[in-house]
Every structure is written in C-alpha cells, then in structure tokens.
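Please read the structure below before turning to the comments.
There are 2 protein chains.
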Amino acid sequence: MTIRDVARAAGVSVATASRALNQSGLVAAGTRATVRAAAERLHYSPHAGARSLITSRTHTIGVLLPDLYGEFFSEVIRGIDQRVQQAGYHCLISSARHGGPSLEAALRAMRGRVDGVVLMSPEFTGELSQRTLPAGFPVVLLNSAPTQLPHPSLTIANFEGSRAMVRHLAGLGHRRIALIRGAEGNFDAAERRRGYRAALAEAGLPPAPELEIPGDFSEAAGVAGARALLELPAPPTAIFAANDGMAIGALFALRDAGRRVPEDIAIGGFDDIPMARYVEPSLTSVHVDISALGERAATRLLALLEGRSEPDVSRETLPTTLVVRRSCGAPQR
Amino acid sequence: MTIRDVARAAGVSVATASRALNQSGLVAAGTRATVRAAAERLHYSPHAGARSLITSRTHTIGVLLPDLYGEFFSEVIRGIDQRVQQAGYHCLISSARHGGPSLEAALRAMRGRVDGVVLMSPEFTGELSQRTLPAGFPVVLLNSAPTQLPHPSLTIANFEGSRAMVRHLAGLGHRRIALIRGAEGNFDAAERRRGYRAALAEAGLPPAPELEIPGDFSEAAGVAGARALLELPAPPTAIFAANDGMAIGALFALRDAGRRVPEDIAIGGFDDIPMARYVEPSLTSVHVDISALGERAATRLLALLEGRSEPDVSRETLPTTLVVRRSCGAPQR
DNA sequence: TTGTAGGCGTTATCAA
DNA sequence: TTGATAACGCCTACAA
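Given below as structure tokens:
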C-alpha cells in the first residue's frame, strides 16, 4: 500500500498524488478530491521512513531521560507528549540509565529517527555533544546545571522553593532548622541547599554545619538523616528534607523514635508528590508542576525545529509554590 | 555524514562499507577494520529511515496507551522500554486519550515507524484492526477483554487477586463484606467483581446486592461508596474496594465518620500502589507487578517480530499477590 | 573478496 | 495543472 497504488487507483501520476495528499503545490480541486478519496478507500498512510529520507524531517522528537522510574519521569513524559502530539509529532522515549547503553550510544541511536531531543542528563558535555550530534542539532536541556552549551535549558525554581520553605519554617519561630541534603553532585540538590542557606542567612540564623546531613533522595536516607539529627546534643526543631521521599522517611523515623510531628519537630519536603497529601500528618512541601516542565521543554524544542526561534540559549526557570500542610505545624488555612 | 563518506574515507565501495558495518557477508578482516575505524572517526551512524526503507524493519515498537497519567502507565512503559532496549529496539510512545487523536489516527500515524505495537485500549476491535493495520501486523494486547482478535493478549489476575482478598477477609470472620466496584464497562472491574462474588460463594456467604456499590476507580467514588455503606441498615464489617484509590477514599470517609479501621471496619484495596504502604493504617492490597506486565508484553511482541513464535494468540495472565497490612486487621506477620 | 547497480516510498525539480 | 524523473541513504543481488 504505497502512494503508487493510490495514484493508480485515482488514475493520476504519483507526483500528482503526492501533491494532492500534501498541502503543497497547485492541484485541481477535482483531482485532489479523487486522490483523497482513493487514499481513504485504500487506507493509505505514507511511509514515515521514506518521507524522512527526502524531507530530512521525521516529525519525531527524542526524549532521553536518566531513568523511567517514578512519578517525575512519567509526568515529564506526559507533558511532552501532550504538547508534541498536538503539533503532529511523535515521541521516541529512551532511558540512558546506569547499566544500560551509554548516553552516547542512546543519542547516536536516535540519529535519523528524531528531529531533536529533550535531554536530561548530568553527563552531557560539550565534548560529547560535538562527538555525537550533528552541529546545530536541536537540543533542549532539562534540569541540568548551567552550561556553556548552546542549547536552551529548563529548570524548576529549586533555590526559590527551598528558600520559601525555610523562610516559612523560620517564620514559625524555628531557630534550629536542619537540612537533609539531596544526592551529592546533583544540581537540584545543590540549588536546594543554596536556598536553605540563603533563607537561614536572611532570617539572621547562624549557619550550623552539624545540622546539614548528607542524603541521596531515598527514603532510607531520610530515616538515617532524622536519626542522626536526633542524636545531636542540640537536635533541630525543624527538618527540611530536599525531597518528599526523604521527608517521609524522616517522618517515620521520628514516629518510631516517639517524637510527635509537628509538635516536637516540624518537617518539610520538596516536590509535592501525590503521597505528600496522604501521609500522617500530611506533608508540607514545595509544589512543582512537572508536566508543565515537560510541556514547556517540548514547546521550546518545537520552536527550534520549526525555526521559529532564534538560537535562543536562554535558561528558563519554572516557578514552584509552597504548599503548607500539617507537618510543619502552621495554622491551617 | 552518510555511508558514502565512510566508504570514501576507507577507500572502499559503499557496498563493502555496508557489509563491513553490518555483520553480513564476507569481508576481509583488514577492510572491515579499516571501515570500522573510518566510521568511528567520522562518528557515522546509519540513517534509520533509509535503512527501514530497504529492510522494512524499523527496530522500533509502538506503545499505545489510553493515557500517560499515573503510576500504572509509567511502570508499564518502564517495563517495556527495559526489555526492548536490551534487544536493540526503540519505543515510540503515544497516548490515544479522549480529546486527542483517535485510536485509529494514532495507529495509522505509526505506520512505517514501528514494527509492531503494544496496545492498550478497549476500543480496539477487529473491524478497526482490519481498517487500520496491514494484515498480520504484530500486535500485543494489554489488559483487554478477551477477544477473537488474532493477537496475543496479557492481563493480570484480576479474578484470582480479588478472590484471594475476599477469601482473606472472610477468613478473618467477616460475614458482611462490601464491594466498591470499578468503572462500568471496564474489563478489570468486571473481573474483580467476579472474583469477589466467587469468594463469597465459596465462603458460603449469601450474595448481598445492597453491599455492591458502584464506583469508577476515583478516590471520590471511594468516599461516596463508604458513606453509602455506612447508611445501610446493616453496614458491612469489611469493604473491598476495586482499587487502592477508592480504598483510600473509603479510609478517609470512615475516619471522618468516626469509624476506626480496622477495629470497626476492615478495608482492602487492589493494585498495591506505593501509597498503600503509607496511609494510616497501611492498606491491605493486591499486588500487581506492572513493570513485569510491560516487560512480558514486550517479550511477546519481540518474539512475534523476530518470527520466533508461531502466531500464538494465547492469553496470558500475570499473577497477583495478596499483601496483608494493617487495614484489614489481620495479625501482622 | 570486492564493486556495480537497482530499488525501497517519498517529495522536489523540471518539462510539458 | 500534470507527468517523468531524479534524488534521499541504505542494502543486496549479481558480476567481476
């Protein structure tokens, strides 16, 4: 079932059939109708590969993520797909997780399959880019550290969100506010710590290195972190965990240790995962609209593809909002 | 950067270059090395579209889901991608959600881009299949009702899982066990109800139509369902909700109504979403390994693609396991 | 063991 | 307004 069949059925040449099927060119209204009818009747749909060969557009964008696990990624994908679909594009998903194919291989494998790529990976460097991607290949970076790379990049307001959280805790009267940090070397984690420190400084609270506990975004790290904090000669009265997973871990650890939340210790998290509403007490967190992040990334990439935007390498930050629930002890509503 | 460039750089013909790059054909070890080196140096990677034109394989599989929202879908995708990636394939994701393009359009748009498709949609009929897909096009159905369609299909053990749950509740001494049903017309929902009824019958409990409350898998339906049940002249002592979302809704409704769970009323859910562990009391549920479902679907599809399997249209059911937590009041451990 | 040449399904160019 | 025909990049007979 190729365009030849359609052409034959409509009694025209393939060239005319092609013109009639696409918007392009001048075709008599009558012939166009005949061709369209034939295509419909034959259930014709063009072969994407062949078309991309000549147009050198695939109408597909690649989405390369470090993993496909968890709500963050599913939401990103949802946002991207939604945006991309309404533009008539497709989504080729791939994860370059540890143990799987390298980022380079994954990127390379996408060649000829996608017109551009939304990329989330700390490993992506200029050197790699140059080695792997054709010059000028459209790329949008997601949640990456600021780079010199000539690509637009999107992040969420890690710094501002954390600062708002810690400011809120300080506003409730807490003087000893601990931080359970995110993964070492992670850009989000670093930014969240920066926000934490900034808020402390603003509130006139002295930096207290012993209140900063390393973590890795896992629930277990939250448990361990909270336990460590309780061991301190002067334990904190509030804990800010760099993500909700660790915050929930901390919640459990405190409960096990017989501490009441928020009466004895307040807790705040980051991400506002759905579960935050359900834990007991419900978790104060920093809300992030992840599907909007994906949608925005797709929009930027499409703009690049359509050549509508200048090589705009600006960095864009999506806002976050503090969601106050019971775990921080603030008066509700 | 095409194979011509590589050939030229290696001082051979494109045919030889092609042979050297693929496993195929007899090539002198020396020339193979030269060609490979040239390809490496030039960062050559073949154009997928062109290749698919001649081989008529894309090494890509389509994944068509009703939506991309929530953990179920992200886990399915993860399972599929994992399996497919290790076979050197790619994943083209698409959702045929309401308001978006129709299933037919989505399916049609995949032509020439994928070698086969993992499909989850209640709307997929033989008629549609015939109209949209080339005869013999590889399809694997996910969580669909049994059909006459000549495609392998995969489901989870809805019936068995529900039966195990209700059997468990009956075993704890409950005589009045209610069901909050899943969405009308949904195959999973129907199967879960069938399991519920079967377990009641096995336990010698009389069917009690007033204990079957309609629902739609939403948390709100769980709230409404639980309230309705409490209004009954003889309320149930246990509630089985057809999914965890509704079970959690019911949990909240009971708490609001001043009922203790599990002391006054026991609750069980289905799916074992991550949140089930975190609600208070933790929720007894039926565990489903969703990424395994995706992985299995991918495996079946790949078998079809590689022609390794006969046109095996068998229906495969993935087991579920009952996870007992506190909400049902069973002794722990 | 290697090279030549044809063709996969489309669109684009150029004549008619 | 239409039709031949030449690409696009690749693979694979077939010939050398």
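Line by line, the protein sequences give chains A and B.
Every letter in the first sequence is one number past the one before it in numbering that gives the first Met the number 0, and letter 105, counting from 1, is 104.
Every letter in the second sequence is one number past the one before it in numbering that gives the first Met the number 0, and letter 292, counting from 1, is 291.
Beta carbons: idealized from backbone N, C-alpha and C, even for Gly.
CB-CB length for residue i against residue j, believed under 8 Å
{"i": "A/LEU148", "j": "A/SER128", "result": "6 Å"}
{"i": "A/HIS42", "j": "B/THR57", "result": "Not confirmed; about 19 Å, so no contact."}
{"i": "B/ARG107", "j": "B/THR298", "result": "Actually they are not in contact, since the Cβ atoms of B/ARG107 and B/THR298 sit about 26 Å apart, beyond 8 Å."}
{"i": "B/HIS89", "j": "B/THR124", "result": "Going by Cβ atoms, the distance from B/HIS89 to B/THR124 rounds to 28 Å, so no, they are not a contact pair."}
{"i": "B/SER94", "j": "B/LEU67", "result": "5 Å"}
{"i": "A/ILE176", "j": "A/ALA237", "result": "5 Å"}
{"i": "A/LEU250", "j": "A/VAL278", "result": "6 Å"}
{"i": "A/ASP26", "j": "A/THR15", "result": "Strictly speaking, residue 26 of chain A in this sequence is Val, with Asp absent from that position. The pair is a contact, with the Cβ atoms about 7 Å apart (cut-off 8 Å)."}
{"i": "A/THR319", "j": "A/ALA156", "result": "5 Å"}
{"i": "A/ALA329", "j": "A/VAL322", "result": "Contact flag wrong, Cβ pair sits at about 11 Å."}
{"i": "A/LEU91", "j": "A/LEU118", "result": "With a Cβ gap of about 12 Å, A/LEU91 and A/LEU118 do not count as contacting."}
{"i": "A/PHE269", "j": "A/ARG191", "result": "6 Å"}
{"i": "B/ALA291", "j": "B/GLY78", "result": "6 Å"}
Inter-residue spacing [alpha-carbon to alpha-carbon] between residue i and residue j
{"i": "A/ILE179", "j": "A/ALA296", "result": "29 Å"}
{"i": "A/MET109", "j": "A/GLY61", "result": "7 Å"}
{"i": "A/PHE216", "j": "A/ALA275", "result": "15 Å"}
{"i": "B/ARG259", "j": "B/ALA246", "result": "14 Å"}
{"i": "B/ALA49", "j": "A/GLY48", "result": "6 Å"}
{"i": "B/ILE227", "j": "A/ILE272", "result": "Note on identity: in this sequence residue 227 of chain B is Ala, with Ile being the wrong assignment. When rounded, the distance between both Cα atoms is 30 Å."}
{"i": "A/VAL165", "j": "B/PHE136", "result": "57 Å"}
{"i": "A/LEU231", "j": "A/ASP263", "result": "15 Å"}
{"i": "A/LEU102", "j": "B/SER284", "result": "38 Å"}
{"i": "A/GLY267", "j": "A/SER326", "result": "7 Å"}
{"i": "B/ALA19", "j": "B/LEU303", "result": "28 Å"}
{"i": "A/ALA233", "j": "A/GLY203", "result": "19 Å"}
{"i": "B/ILE2", "j": "A/GLY224", "result": "55 Å"}
{"i": "B/ALA9", "j": "A/SER51", "result": "27 Å"}
{"i": "A/GLY248", "j": "A/ASP255", "result": "11 Å"}
{"i": "A/GLY172", "j": "A/LEU253", "result": "20 Å"}
{"i": "B/GLU183", "j": "B/ILE212", "result": "11 Å"}
{"i": "A/SER313", "j": "A/SER152", "result": "7 Å"}
{"i": "B/GLY334", "j": "B/GLU218", "result": "This structure does not reach residue 334 of chain B, given that chain B is present from 0 up to 332, and the question cannot be answered."}
{"i": "A/ILE289", "j": "B/GLY115", "result": "30 Å"}
{"i": "A/GLU39", "j": "B/HIS150", "result": "25 Å"}
{"i": "A/ALA105", "j": "A/LEU63", "result": "8 Å"}
{"i": "A/GLY293", "j": "B/PHE72", "result": "17 Å"}
{"i": "A/LEU282", "j": "A/ASN242", "result": "11 Å"}
{"i": "B/ARG7", "j": "B/THR33", "result": "11 Å"}
{"i": "A/ARG193", "j": "A/ALA144", "result": "14 Å"}
{"i": "A/PHE239", "j": "B/GLY214", "result": "38 Å"}
{"i": "B/LEU96", "j": "A/ILE76", "result": "The residue you asked about is not Leu; residue 96 of chain B is Arg in the sequence shown. B/ARG96 and A/ILE76: Cα-Cα distance of roughly 14 Å."}
{"i": "B/ARG80", "j": "B/ALA198", "result": "First, the amino acid is wrong: residue 80 of chain B is Asp here, not Arg. Distance between the alpha carbons of B/ASP80 and B/ALA198 is about 37 Å."}
{"i": "B/ARG112", "j": "B/SER55", "result": "10 Å"}
The ligand HEM heavy atom lying under 6 Å from the CB of residue i
{"i": "B/ILE289", "result": "Because no ligand of any kind appears in the structure shown, any question about the ligand HEM cannot be addressed here."}
Residues bridged to residue i [DSSP beta-bridge criterion]
{"i": "A/PHE239", "result": "A/LEU178, A/GLY267"}
{"i": "B/CYS327", "result": "Beta-bridge pairing links B/CYS327 to no other residue."}
{"i": "B/HIS89", "result": "B/THR59"}
{"i": "B/LEU321", "result": "B/VAL285"}
{"i": "B/ILE212", "result": "B/ILE179"}
{"i": "B/ILE155", "result": "B/LEU317"}
{"i": "B/VAL117", "result": "B/VAL62, B/VAL139"}
{"i": "A/SER12", "result": "DSSP, once it has assigned bridges, lists no residue as partnering A/SER12."}
{"i": "A/SER94", "result": "A/LEU64"}
(request) Residues of the stretch 30–47 of chain A with a CB closer than 8 Å to any CB of chain B: list them in chain order, please. (result) HIS42, SER44, PRO45, HIS46, ALA47
(message) So if I threshold CB-CB distances at 7 Å, which residues from the stretch 167–198 of chain A count as touching chain B?
(response) none
(message) Please identify, using Cβ separations under 8 Å, the residues of the stretch 111–132 of chain B that lie next to chain A, in order along the chain.
(response) GLY111, ARG112, ARG130, THR131
(request) Quick one: which residues of the stretch 272–297 of chain A get their C-beta closer than 8 Å to a C-beta of chain B? List them in chain order. (result) Those residues of the stretch 272–297 of chain A that come within reach of chain B (Cβ to Cβ, closer than 8 Å) are PRO273, MET274, TYR277, VAL278, GLU279.
(message) Along the stretch 77–97 of chain A, where does the CB come closer than 7 Å to a CB of chain B? Name the residues.
(response) ARG77, ASP80, GLN84, HIS89, CYS90, LEU91, ILE92, SER93, SER94
(request) Report the residues of the stretch 243–277 of chain B with a CB closer than 8 Å to any CB of chain A, ordered along the chain. (result) When CB distances to chain A are screened at a threshold of 8 Å, the residues of the stretch 243–277 of chain B falling below it are ILE247, PRO273, MET274, TYR277, in chain order.
(message) Give me the subset of the stretch 0–21 of chain A whose CB atoms are less than 8 Å from a CB atom of chain B, sorted by chain position.
(response) MET0
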